[in-house]
Every structure is written in structure tokens, then in C-alpha cells.
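Protein chains: 2
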Amino acid sequence: MMAVRSMRQKKKSEFLTEVELEFMTELWALGEGSVRDVLARLAPDRNLAYTSAATILRIMEQKDFVTSEKRGKTFVYRPLLAKDTYQSKTLRDLSDKLFDGTPASMVARLVDDQGMSEETLAEIRALLDRRLNDNDD
Amino acid sequence: MMAVRSMRQKKKSEFLTEVELEFMTELWALGEGSVRDVLARLAPDRNLAYTSAATILRIMEQKDFVTSEKRGKTFVYRPLLAKDTYQSKTLRDLSDKLFDGTPASMVARLVDDQGMSEETLAEIRALLDRRLNDNDD
DNA sequence: ATGGACATACGAAGGTCTTAGTAGCTACTC
DNA sequence: GAGTAGCTACTAAGACCTTCGTATGTCCAT
Numbered sequence: 403m404m405a406v407r408s409m410r411q412k413k414k415s416e417f418l419t420e421v422e423l424e425f426m427t428e429l430w431a432l433g434e435g436s437v438r439d440v441l442a443r444l445a446p447d448r449n450l451a452y453t454s455a456a457t458i459l460r461i462m463e464q465k466d467f468v469t470s471e472k473r474g475k476t477f478v479y480r481p482l483l484a485k486d487t488y489q490s491k492t493l494r495d496l497s498d499k500l501f502d503g504t505p506a507s508m509v510a511r512l513v514d515d516q517g518m519s520e521e522t523l524a525e526i527r528a529l530l531d532r533r534l535n536d537n538d539d
Numbered sequence: 403m404m405a406v407r408s409m410r411q412k413k414k415s416e417f418l419t420e421v422e423l424e425f426m427t428e429l430w431a432l433g434e435g436s437v438r439d440v441l442a443r444l445a446p447d448r449n450l451a452y453t454s455a456a457t458i459l460r461i462m463e464q465k466d467f468v469t470s471e472k473r474g475k476t477f478v479y480r481p482l483l484a485k486d487t488y489q490s491k492t493l494r495d496l497s498d499k500l501f502d503g504t505p506a507s508m509v510a511r512l513v514d515d516q517g518m519s520e521e522t523l524a525e526i527r528a529l530l531d532r533r534l535n536d537n538d539d
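What follows is the structure in C-alpha cells.
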């Protein structure tokens, strides 16, 4: 049997679907994991069939979001996309589409609405101070 | 046993789809507008059929994102969902799903990666200062 | 070898989203 | 009153997403 597995890459949507993000989140937390590992971490009321989980991970590999390595008789999946990277990409996209491309307005809405504690706010300001001083020398 | 679950509401996804956001953005900018008004504001290379635009707005009305009023022979659409509100909702969702529910980490990633100018950063810090002083009395 | 446990591959059903064509309504013009 | 222009309603095609069942393969113990 030939495992003909070399299709051409198609446009790659770059973004994770709902379920893909759910799975990727567990992989990011685990570092790596089998179908069963990921499944075990989902909410108890999630009730997703094993084969569904396997399908999802296989598709994620086709999309190059994860890679796999056969260990014994099971595949172990590992993220190819770093969480940091994906966070950045997502923020940029959101800023472009919903905040007129000005990330500052995003922060403004965040600190206005998100009910952050005062220490959280102070923490963020400290972060900015550090950032500003770093570039300032 | 009967399905006790026959709500008339279809669970309303709460979130705009890609195209719906595109249209809503124009309606937010316009305040209100007809199919033609919205269509006119899209990028010249968008090439969306008039009937497609009309369908999209009709669906958005079914989903209660907009309301309409017949003026002459055309419908004029107006947002029911405020941009601010939607921004907040989206940020909260993103924070929950991709930033462990801690908005502060979101800001951290923003100021780290987004290549903001120094004045943008200073602007944000000013915003935080104001916010902190307001609560500080 | 046979059966059982468990893993992967594939295909199909049912849903939503995007797009656009077709049909029909209304009103204005000649 | 027939034609035309512009609008809305409906329907459908095609793409993608989510879920799961079935088929198939592999390893191991009996």
C-alpha cells in the first residue's frame, strides 16, 4: 500500500477553529500528549468520542498546527505553533478588525471594562514603565 | 420523558461571523445605512453582489445584531449591538480562551509584541495613571 | 492461530457560513 | 397599461467544521 500523503498546502487559514483551540490549549499545557492524554484533560461533561478527538488531532497535523511522533502504537502530538506566537497573531488580528488597528484603544477598553483589580493595573503600569525605560537609554 | 428544551431562541451565538463583522464595522461608522450605503464603503476589490449584501444584512437582523426601518422602498439598517459592547465581549472571550482568564497577560503580550511606538506606550501608561488615580481617592 | 484491547484512517451526516442567482413586488414613466 | 429600475425574499451551491461510526491494523496473551 502506498501512503500517498503529499497534497499541496492549501491557503492555510492561520487561525485555529474553536475545537482546535480547545485541543491546542491542552497541548500547550502538556507540552505533548496522545489522544487519550488530551481527552483526559477536557471537562468531564465534554463527552467527546475518542475517535472524534483522534480525528481532530489528525486534522490539526494536516494543517501544520501540530506534529506527531509514533511512540509504541500511539501517536504523541506536539504543538508546532507556540502559544506566544498565536497570542500575538490573534491580538494583531483583533486589533485590525475591531479596534481600527490601534492597539492602544484595545488596552483602553481592557482597563475600562474588565474590572481589573488595582494591583493588576499597577502591575501593567510597571510593565509599561520597564518597557519605556528600556527603550529610553 | 419529553424534551423540556424547546426554547424558541436558537441559542444565539453572540458573536459576529467574519462577514457580519465587516458589515457591522461599516454600520458602526455610518450610524445607519442601506444595503447600498454599506456596499459602497467596502474595498473596491471586494466585488460582492448586491443581493449578497442584502442577504447578509437580512440575516444580521434575524440574529438581532441590527434592526431595520423601511424608508421609501429601501430598508435602512442600524446597529443594535454597540461597538463598545462588542469590543468588551470579544476581549473577555479572548482572555478566557487564550490568556488563562488574566487580562493582564494580554496587555503584557500586547506591549511586548505589537511594536508600539513609544508615544503609544506612553499614552497607555497615561491612561493607566488616570485610571489608578480615579480609584485612589 | 484466535480473540481482545486499543490505535489509526476514512467517510458520512448535519450544521453553519458565504455568495449569488432567480423571482417577484412596487413605483415611476411614457 | 406596459416597461423599466430598484428593491426584497427565497433558494441553493459549495466550503468548512464538528462529531462519530465503521473498518482496519497491530500487539499480546492464551
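Chain order of the listed sequences is C and P.
Count along the first sequence starting at 1, add 402, and that's the number in the working numbering.
Count along the second sequence starting at 1, add 402, and that's the number in the working numbering.
No residue lacks a Cβ here, since even glycine has one placed at the ideal position from N, Cα and C.
Residues of chain C with CB closer than 8 Å to the CB of residue i, please, in chain order.
i                      : result
residue 501 of chain P : 489
residue 526 of chain P : 506, 509, 510, 530
residue 457 of chain P : Near residue 457 of chain P there are no residues of chain C at all, since even the closest Cβ is about 21 Å away, more than 8 Å.
Step through the CB atoms of chain C and report whether any lies within less than 8 Å of the CB of residue i.
i                      : result
residue 422 of chain P : no
residue 476 of chain P : no
residue 523 of chain P : yes
Identify, in the order they occur along the chain, each residue of the same chain with its Cβ nearer than 8 Å to the Cβ of residue i, setting aside the five sequence neighbours on each side.
i                      : result
residue 440 of chain C : 425, 428, 429, 432, 455, 459, 479
residue 476 of chain C : 436, 437, 438
residue 513 of chain C : 523, 526
residue 450 of chain P : 441, 444
residue 495 of chain P : 417
With distances taken Cα to Cα, identify the nearest neighbour of residue i among the options.
i                      : options                    : result
residue 473 of chain C : C:464, C:435, C:448, C:490 : C:435
residue 490 of chain P : C:501, C:488, C:485        : C:501
residue 493 of chain P : C:484, C:536, C:486, C:505 : C:505
residue 523 of chain P : C:533, C:525, C:515        : C:533
residue 464 of chain P : P:511, P:418, P:515, P:452 : P:418
residue 521 of chain C : P:448, P:531, P:486        : P:531
residue 486 of chain C : P:451, P:486, P:516        : P:516
residue 503 of chain P : C:416, C:447, C:536, C:518 : C:518
residue 511 of chain C : P:510, P:499, P:511, P:529 : P:529
Consider the Cβ of residue i: report whether some Cβ of chain P lies at a distance smaller than 8 Å.
i                      : result
residue 428 of chain C : no
residue 516 of chain C : yes
For residue i, I'd like the list of residues in its chain whose CB is within less than 6 Å of its CB, leaving aside the five on either flank, ordered along the chain.
i                      : result
residue 462 of chain C : 422, 468
residue 483 of chain C : 467
residue 471 of chain C : 478
residue 508 of chain P : 497, 501
residue 443 of chain C : 428
residue 448 of chain C : none
residue 499 of chain P : none
Since residue i meets chain P, which of its residues come closer than 9 Å, beta carbon to beta carbon?
i                      : result
residue 440 of chain C : In chain order: nothing, as chain P lies at least about 16 Å away.
Strictly below 7 Å CB to CB, what residues from chain P border residue i?
i                      : result
residue 513 of chain C : 529, 530, 533
In or out: residue i buried (at least 16 other Cβ within 10 Å) or exposed?
i                      : result
residue 481 of chain P : buried
residue 488 of chain P : buried
residue 527 of chain P : buried
residue 535 of chain C : exposed
Whose Cβ in chain C lies nearer than 9 Å to the Cβ of residue i?
i                      : result
residue 494 of chain P : 515, 516
Just to check, is the beta-carbon of residue i closer than 7 Å to a non-hydrogen atom of the ligand PLP?
i                      : result
residue 444 of chain P : Although the ligand PLP was asked about, the structure shown includes no ligands whatsoever.
Within a Cβ cutoff of 7 Å, which residues of the same chain sit near residue i, ignoring the five residues on either side of it in sequence?
i                      : result
residue 452 of chain C : 437, 441
residue 420 of chain P : none
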